[in-house]
Amino acid sequence: MQYNFNEIEKKWQDYWAKNQTFRAENNSEKEKFYVLDMFPYPSGAGLHVGHPLGYIASDIYARYKRHKGFNVLHPQGYDSFGLPAEQYAIQTGQHPAITTAENIKTYRRQLDQIGFSFDWSREVRTSDPKYYKWTQWVFIQLFNSWYNKDSDKAEDIETLVATFSSDGNANVNAVCDEDTPEFSAVEWNGFSSKEQQEILLKYRLTYLADTEVNWCPALGTVLANDEIVNGVSERGGHPVIRKKMTQWSMRISAYAQRLLDGLNTIDWPQPLKDSQTNWIGRSQGASVTFYTVTSSGVENKHAIEVFTTRPDTIFGVSFMTLAPEHELVAKITTPEQKAEVDAYIEATAKRSERDRMADVKTISGAFTGAYAEHPFSKKPIPIWIGDYVLAGYGTGAVMSVPCGDQRDWDFAKHFDIPIPNIFEGVDISEEAFADKEKTVIANSDFLDGLPYKKAVKTAIYELEKLGQGKGKINYRLRDAVFSRQRYWGEPFPVYYVDGMPQMIAAEHLPIVLPEVEKYLPTETGEPPLGNATVWAWDTKTNQIVSNEFISPSGGDQEGENGVYPLELNTMPGWAGSSQYFNRYMDPHNDEAIFSKEAIDYWQDVDLYIGGSEHATGHLLYARFWQKFMFDRGYVPKDEFAKKLINQGMITGTSAFVYWVVPGGLSEDAETFIGKGHLMPSMFITKEAYELVEYIPGKLGVLENDKSKGVFKFVKSHIKNLDDFYFEEGGEKFSLNFKLLPRRLPTNLLKGVSDNLDIEKFEKSDFFKDYPDKKYLLNNKSEYLTHREIEKMSKSKYNVVNPDDIVKEYGADSLRLYEMFLGPLEQSKPWNTAGITGVHSFLKKLWKLYFNENGSKITDAEASAENLKTLHKTIKKVEEDIENFSFNTSVSTFMICVNELTAQKCTCKAILEPLAILVSPYAPHIAEELWEKLGHSESISTAPFPTFEPKYLVESSKEYPISFNGKMRFKMELPADMSKEDIEAAVMAHEKTQQQLAGRTPKKVIVVPGKIVNIVG
RNA sequence: GCAGGGAUGGCGAAAUGGCAAACGCAGCUGGUUUAGAACCAGUACUCUGAGAGUUCGAAUCUCUCUCCCUGUACCA
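In full-length UniProt numbering, the protein residues as written are 1 to 1016.
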């Protein structure tokens, strides 16, 4: 019987689907185990071999846990809202829902053929109204909550309203907007409904506010901080500018400390925790208020609030710096300095955020002409503006201590501002002194002689006494902008009465995304939903109705019809992914986000596997929502995933050719005219490419000793050299060329080698505009491409499609090979050639059970040798799975099968447990073997074999005998021999005497069961 | 700059204080066989990035240096 993997795999995939083998029950006597993958965004490109890596690992774990008797929840779904489908809709007019559905179909087909044990009955799609109904529901709960700092949790907004009407807000300790006014109960009760709503927005956990946002004109939307990389959009790399817009925001900053503290309670990778810690950016220090000096008494005295981590250096302040955007700048700048300051502000506004970040070396700034008073010395301090101070961090103003901060030092040096030294015995003439540990304060009045910690405490105490400062903890984490000016996202369950947002009652959800003609912003600059004609909320019928019925005044005056405009923004990508792990527990529940029974049973995710790129996006927001849901009593755990593993990237091996484009270079080397279409295109090797130098600061390449070979090669292919000494516009041009490295698809190479298949290449679409091609060949007449390991991506032509692998070697081979490549967390290059190793392992495994005539399995008793092989395999595989070391398990299986083959083992007592061991890794073959062993039920819940140490007990041990740590020979000795007897036996051995050559050993180390080491 | 991870045969790797390179790919030799392949048996190479220390013993622990990767960055 042949191992016909295609047939077997199809058979069992159909069986699992038909029998719902992996359906998880919400009621079970068994212990629960929840294994989750980060669900994919279904892109048009489909899966490449890198994508399933994490899914295979989690699937092995899930299957293993089923063998161990757990009720396993292992769901899968799609993060199906997103930009690519919408961009495609803008280009083609095809509804994103259609594109998305098609892509999901491809994904599902690809996932199914790898044989995952997903419970597909629980599939969710974030773009499905039945799903996003509950995303909208969570949004409403956030809107109806505020954060009480006294109880340190989110509470119902009604409790806040009650406090306001009885006591006002003076004693409310809440997380709220900075500009929240203080009011009494009488005042509150006297406010109009609109005024009350405005105030409440300053407390709600999701709120509408005018915020400075990151606007990306090319994408036509705002972006969250984590969606911007190096000042450009993460998706597409488009420029991002600062803009003030009315937006929904999430008050995630209320949870900054708890998000930080929670990291200590979860088993997540350290680098991931580190990046969340950095993102939250807690710094402890003090806020200090400086007042501006008024010269004539006519101007207003202004307060400048700064945050500092070094209040101990307060006597080192020699100037203050404000961000150019700081609101006080316009108010305090003196008439004499106005021109300079205005010019500077204009210049910095022109520079994009990216330029500012890229160029950190150039020091720039301007003096405002104004002075602030030092809180203690009362001396005037000049106030500057400078773009090294960021408007978005802290208060956008700093007290500059040039002797203790390098940026302040650089600024002071540049503008010739004094640098007072307040450190004892430290030279600050060359650079600032930032070491806290070695700090001893000097020249600082009451702080003199104090070390860092004491000085900080004292300074804060004195500032508090003055009423000009207090200890403060500052977080870098900003509230997250939650509005997107896009079509393909969750609509908000929000309508506007008199400009104030109103929530639609939960029973009327979902608010379904309307149809639009165009997916672009409207002519008046409104988001795409502004194109919808049926997008108004009728508060009488609780239905979405045509815009024509909208109350003309927009308010709720008498006699109006109660129809109001709906929100035009949609939610960001991370909305749907912040609650999906809980929704999987009870995905078809229409009455609630999940039933109490479901959440009480499943609790939280036991193992979450996914990429590290979600560290500061999805994983931070999801933790925030979970903590909120916990506060409001909906979930029992305030962290949603106990353990998380980041799988590494599988990289591809790109192939490069070095393309020579011939042309003419002007005499001054300022102009190059390409003649690539008239002359042959040439391809040289990486080595040749590296010999060529460019003319510094000019165009063209240098013909010198190193590059003359390349020039010779190029010239040899140019039929009429005279053509390359031509004149154009009165200028003379001579032969030269451009060198361009270009990637080629790896399928244009011969087999798995680096050799270009020239015939195939010339027939392909690549470089087909250049029909005449010449190659720099090696002595075997081959053209060698240069191979480089890079991220696997379509644009790099180095993707390997799992479909091809499955067709040729089968899903079990693919699964085994992905694991065999190396440790799960590490990034590793894909090399298809190596898959034959695991594939032939599966064939050998098959051959243990079958020969040409059918089953070989007997009821013969297992030999001691057989049992030893089996049990050491059980032990190792179990340990490996528990430690997520899947690569070493695959090797262990290979060794096991090699040994059993050599032992000619055919007994059922060995081969039956072996099938179970293999089953998590290669489930299709395992099911087939299991069936052929006579079982009628799936192998998936067969109990995992139990390791019995007794089979591994050895009667003798081959001791390595080393001399000064170097192994010289081996000696077979009884395993239970005592230390003394071993030493005696070893010393008596003739080889020992030979090694010692008459010397007396200083010491003999005997480690029973391990080693003997003779020193001397 | 800062933080984290890493460096072991030609390649992917294993060994986390005790026989370095298990297992697989590629290579070589032989067998069997072929349209192509597949299969079986056997086999070489290399000595843990560099240096120092701790230890009876170090790839493994400590320190210094070099290089690579990943993340992050004017965060006051």
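C-beta: ideal position from N, C-alpha, C; glycine also.
CB of residue i within 8 Å of CB of residue j, strictly
i, j, result
"Lys243", "Trp268", "no"
"Leu699", "Glu667", "no"
"Ile363", "His414", "yes"
"Pro913", "Leu845", "no"
"Gly369", "Phe411", "no"
"Thr313", "Ile422", "yes"
"Ser275", "Phe307", "no"
"Tyr519", "Ala209", "no"
"Asp156", "Asn169", "no"
"Leu749", "Leu756", "yes"
"Gly220", "Pro521", "yes"
"Ile98", "Ala506", "no"
"Val213", "Met245", "yes"
"residue 1017", "Ala833", "This structure cannot settle anything about residue 1017, because the visible part of the chain is limited to 1 through 1016."
"Gly50", "Met649", "yes"
"Val890", "Val806", "no"
"Val389", "Thr211", "no"
Those residues which DSSP pairs with residue i across a bridge
i, result
"Met682", "Val660 and Lys774"
"Met649", "For Met649, which the question treats as bridged, DSSP gives no partner whatsoever."
"Asn19", "Answer is none; Asn19 lacks a bridge partner."
"Asp37", "Ile609"
"Val545", "Ala536"
"Ser145", "Asp156"
"Glu972", "Glu958"
"Pro741", "Tyr658"
"Asn474", "Ser283"
"Thr368", "Answer is none; Thr368 lacks a bridge partner."
"Tyr564", "Trp537"
"Glu731", "Glu728"
"Ile385", "Leu322 and Ala366"
Whole-number beta carbon distance between residue j and residue i, since they are thought to touch under 8 Å
i, j, result
"Val1004", "Glu983", "5 Å"
"Ile857", "Leu911", "6 Å"
"Gly285", "Cys403", "17 Å between Cβ atoms; not a contact."
"Arg815", "Tyr921", "6 Å"
"Val692", "Phe640", "Wrong, their Cβ atoms sit about 56 Å apart, outside the cutoff."
"Gly576", "Asp37", "The pair is not a contact, with the Cβ atoms about 15 Å apart (cut-off 8 Å)."
"Ile56", "Glu818", "5 Å"
Neighbourhood of residue i by C-beta, 8 Å cutoff - its chain only, sequence neighbours within 5 removed
i, result
"Val293", "Ala370, Tyr371, Ala372, Glu373 and Pro380"
"Gly449", "Glu424, Val440, Ile441 and Ala442"
"Pro1008", "Met977, Ser978, Lys979 and Ile982"
"Gly998", "none"
"Asn547", "Ala532, Thr533, Val534, Trp535, Ala536 and Pro565"
Residues of its chain near residue i, where Cβ-Cβ distance is below 7 Å and the 5 sequence neighbours each way are ignored
i, result
"Gln110", "Gly46, Leu47, Pro802 and Asp803"
"Pro945", "Ile874, Pro913, Ile916 and Leu917"
"Glu762", "Lys773"
"Lys133", "Leu509 and Pro510"
"Lys149", "Asn173, Ala174 and Val175"
"Pro618", "The sequence shown places His at residue 618, rather than the Pro named in the question. Within the same chain, His618 has close Cβ partners Trp574 and Ser577."
Own chain, CB closer than 6 Å to residue i, minus 5 neighbours either side, in chain order
i, result
"Lys202", "Cys176, Asp177 and Thr180"
"Ser578", "Tyr621, Ala622 and Trp625"
"Phe5", "Gly810"
"Trp384", "Phe319, Thr321, Gly365 and Phe367"
"Asn736", "Leu665 and Gly700"
"Val426", "Phe433"
"Glu123", "Gly77"
"Gly471", "Ala286 and Ile460"
### Query
In chain order, which continuous runs of the alpha helix (DSSP H) of length 4 or greater are located wholly inside the segment 433-468?
452-466
### Query
Going along the chain, which unbroken runs of the alpha helix (DSSP H) with 4 or more residues stay wholly within the segment 201-285?
256-262 and 270-280
### Message
Just to confirm the assignment: which complete alpha helix (DSSP H) runs, minimum length 4, are found wholly within the segment 91-122?
### Response
96-112
### Query
Taking the runs of the beta strand (DSSP E) that are 3 residues or longer, which of them lie wholly in the segment 295-337?
303-308 and 319-322
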